[in-house]
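K.L.:
Residue numbers (the numbering used here), protein chains in the order written: chain A, 1 to 196; chain B, 197 to 392.
Below you will find the structure I want to go over with you.
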DNA sequence: GTCTATAAAAGGATAGAC
DNA sequence: GTCTATCCTTTTATAGAC
């Protein structure tokens with residue numbers, strides 16, 4: 001990634017927009033955040049904003065995609081594991097706007113015809129893969145036993161992570177990390193038991 | 197509950213509105229569902245609709261509150277247990293609009309100043325209590341061992357249930373019931389193990 | 001209870017100048 | 001790239017007649 005070059009200004013502006021969008025979403029929620037307000041805080045007209053992102057949906061998709069890229073580099077490296085999962089969740093507590101956007105916008109986009117629907121379908125598959133790899137890594141290390149379906153466990157951990165973020169938005173005192181740790185150890189215990 | 201009386205017509209109308217709202221939300225999502233469209237399908241003007249529910253938020257809260265009342269009678273009876281939890285989730289698969297509304301509207305309402313924020317805070321506490329009672333019932337029956345914090349487990353099951361509904365909205369092939377069963381048995385297994 | 005009419009605002013998007 | 005100007009749509013909500 002270049003920090004300078006012919007397009008450096010444009011890239012900086014783009015990233016400023018992504019970050020300000022998060023601010024506004026954190027304060028007013030995704031439904032009530034307007035492109036006008038985001039543009040205003042960046043010091044741009046609404047039309048100016050549309051130069052960078054052609055639509056409200058593109059803007060929010062770009063915010064989430066940027067997050068995924070950062071997380072991929074920081075937490076799925078060199079290979080997915082449970083520490084990475086915890087790292088992502090813990091980091092999320094520092095960016096409430098991101099969590100708000102993710103939960104609210106993905107819910108909005110679950111309608112089939114929504115412009116971001118495809119994005120969320122693909123993202124779910126990608127996250128699932130990472131989580132399943134994390135489970136398999138734990139099996140390789142012996143933390144998890146053989147009596148578990150990694151894909152099933154991955155869905156469960158994903159669901160819990162998503163649901164905990166929902167709970168945390170409503171009540172920020174929820175301790176997502178400890179809850180997730182608990183789930184992980186319970187799944188580990190279960191995976192050592194032969195099924196009847 | 198009376199099915200006739202001086203206000204029977206009004207109550208019927210009210211319930212028709214609640215049901216039509218669900219239809220529209222299922223098709224367009226909660227963000228893009230409009231009071232006008234709901235009113236139109238009921239055969240009412242938008243102003244007519246506002247006679248029953250003073251605002252968009254009140255309408256959606258009423259829908260969810262009606263659901264809670266039905267579920268309370270049907271699935272938490274005579275006392276909360278895991279079967280009830282499964283029953284609710286299984287029933288939800290038959291009303292996608294309700295799930296869409298719940299996920300989307302509760303996310304929108306997590307912002308502190310939202311008119312429905314208080315409702316969701318209280319609801320979360322009530323659901324938590326029901327889930328914790330279910331865990332304790334399982335402890336009494338011996339399905340769960342003593343080595344588990346019922347409140348912690350309740351949060352986890354709640355989170356998984358919410359997260360699974362999120363996943364299910366995006367991909368209806370997700371089997372929420374079997375995933376939830378898996379979580380329950382894993383927690384049960386864990387609860388029989390003494391902690392180090 | 002229900003309607004018509006309308007307020008009043010806000011939203012997203014586009015055209016065209018600079 | 002950025003602005004101004006504007007369009008057009010849609011939304012919720014209210015006032016007042018019937």
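Quick reminder that beta carbons are idealized off the backbone N, C-alpha and C, glycines included.
Predicted model only: the values in this text are computed from it and were never measured.
Mind checking the stretch 220-249 of chain B against chain A and listing, in chain order, the residues whose C-beta falls within less than 8 Å of any C-beta there?
P.N.:
Those residues of the stretch 220-249 of chain B that come within reach of chain A (Cβ to Cβ, closer than 8 Å) are 223, 224, 225, 226, 227, 228.
K.L.:
Can you tell which of B:355, B:310, B:297, B:261 has the C-alpha that lies nearest to the C-alpha of residue 328 (chain B)?
P.N.:
Nearest C-alpha to residue 328 (chain B): B:355.
K.L.:
Output the residue ranges of the alpha helix (DSSP H) runs that lie fully inside the stretch 344-374 of chain B and measure 4 residues or longer, sorted by chain position.
P.N.:
346-366
K.L.:
Pairing CB atoms from the stretch 172-184 of chain A with CB atoms from the stretch 113-125 of chain A, are three or more of them under 8 Å?
P.N.:
no
K.L.:
Please say whether residue 225 (chain B) and residue 197 (chain A) have beta carbons closer to each other than 8 Å?
P.N.:
For chain A, the structure presents residues 1 to 196; residue 197 (chain A) sits outside this window and is missing.
K.L.:
For residue 87 (chain A), report the span of its alpha helix (DSSP H) as first-last.
P.N.:
82-92 is the extent of the alpha helix (DSSP H) around residue 87 (chain A).
K.L.:
For the alpha helix (DSSP H) containing residue 195 (chain A), list its first residue and its last residue.
P.N.:
It is not in any alpha helix (DSSP H) - residue 195 (chain A) carries neither H nor E in the DSSP assignment.
K.L.:
Which bits of chain B does residue 179 (chain A) rub up against, with CB to CB less than 8 Å?
P.N.:
Within chain B, the residues placing a beta-carbon under 8 Å from that of residue 179 (chain A) are 348, 351, 352, 355, ordered along the chain.
K.L.:
One question on the structure: do residue 363 (chain B) and residue 299 (chain B) come within less than 8 Å of each other, judged by their Cβ atoms?
P.N.:
no
K.L.:
Can the beta-carbon of residue 267 (chain B) be found closer than 8 Å to that of residue 285 (chain B)?
P.N.:
no
K.L.:
Would you call the stretch 180-195 of chain A in contact with the stretch 373-383 of chain B, where contact means no fewer than 3 C-beta pairs closer than 8 Å?
P.N.:
Between the stretch 180-195 of chain A and the stretch 373-383 of chain B there are three or more C-beta pairs closer than 8 Å, enough to call the two in contact.
K.L.:
Measuring straight from C-alpha to C-alpha, what distance separates residue 311 (chain B) and residue 346 (chain B)?
P.N.:
31 Å
K.L.:
Contact criterion: CB-CB distance below 8 Å. Does residue 326 (chain B) meet it with respect to chain A?
P.N.:
no
K.L.:
In this structure, how does DSSP classify residue 185 (chain A) when only helix, strand and coil are distinguished?
P.N.:
helix
K.L.:
With distance defined between alpha-carbon atoms, name the residue in A:38, A:23, A:146 nearest to residue 194 (chain A).
P.N.:
Each of A:38, A:23, A:146 was checked against the Cα of residue 194 (chain A), and the nearest Cα belongs to A:146.
K.L.:
Does the pairing of the stretch 58-66 of chain A with the stretch 248-268 of chain B give three or more beta-carbon distances under 8 Å?
P.N.:
The stretch 248-268 of chain B and the stretch 58-66 of chain A do not touch, with fewer than three beta-carbon pairs separated by less than 8 Å.
K.L.:
Comparing C-alpha positions only, which one of A:169, A:8, A:15 sits nearest to residue 304 (chain B)?
P.N.:
With distances taken between CA atoms, residue 304 (chain B) lies nearest to A:169 out of A:169, A:8, A:15.
K.L.:
Alpha carbon to alpha carbon, how far is residue 75 (chain A) from residue 84 (chain A)? Give it in angstroms, no decimals.
P.N.:
Straight-line Cα distance between these residues: approximately 5 Å.
K.L.:
Nearest to residue 264 (chain B) by CA position, among B:301, B:338, B:322, is which residue?
P.N.:
Measuring from the Cα of residue 264 (chain B), the nearest candidate turns out to be B:322.
K.L.:
To the nearest angstrom, how far is the alpha carbon of residue 332 (chain B) from that of residue 73 (chain A)?
P.N.:
42 Å
K.L.:
Kindly list, in the order they appear in chain B, the residues whose Cβ is closer than 8 Å to that of residue 100 (chain A).
P.N.:
Near residue 100 (chain A) (Cβ distances below 8 Å), the residues of chain B are 303, 306, 307.
K.L.:
Under 6 Å Cβ to Cβ from residue 245 (chain B), same chain only, skipping five residues before and after it: list those, please.
P.N.:
231, 235
K.L.:
For residue 154 (chain A) versus residue 128 (chain A), is the C-beta distance shorter than 8 Å?
P.N.:
yes
K.L.:
To the nearest angstrom, report how far apart residue 46 (chain A) and residue 53 (chain A) are at their CA atoms.
P.N.:
11 Å
K.L.:
Looking at C-alpha atoms only, which residue of B:297, B:353, B:326, B:302 is the closest neighbour of residue 220 (chain B)?
P.N.:
B:297
K.L.:
Taking 8 Å as the CB-CB cut-off, is residue 293 (chain B) touching chain A?
P.N.:
no
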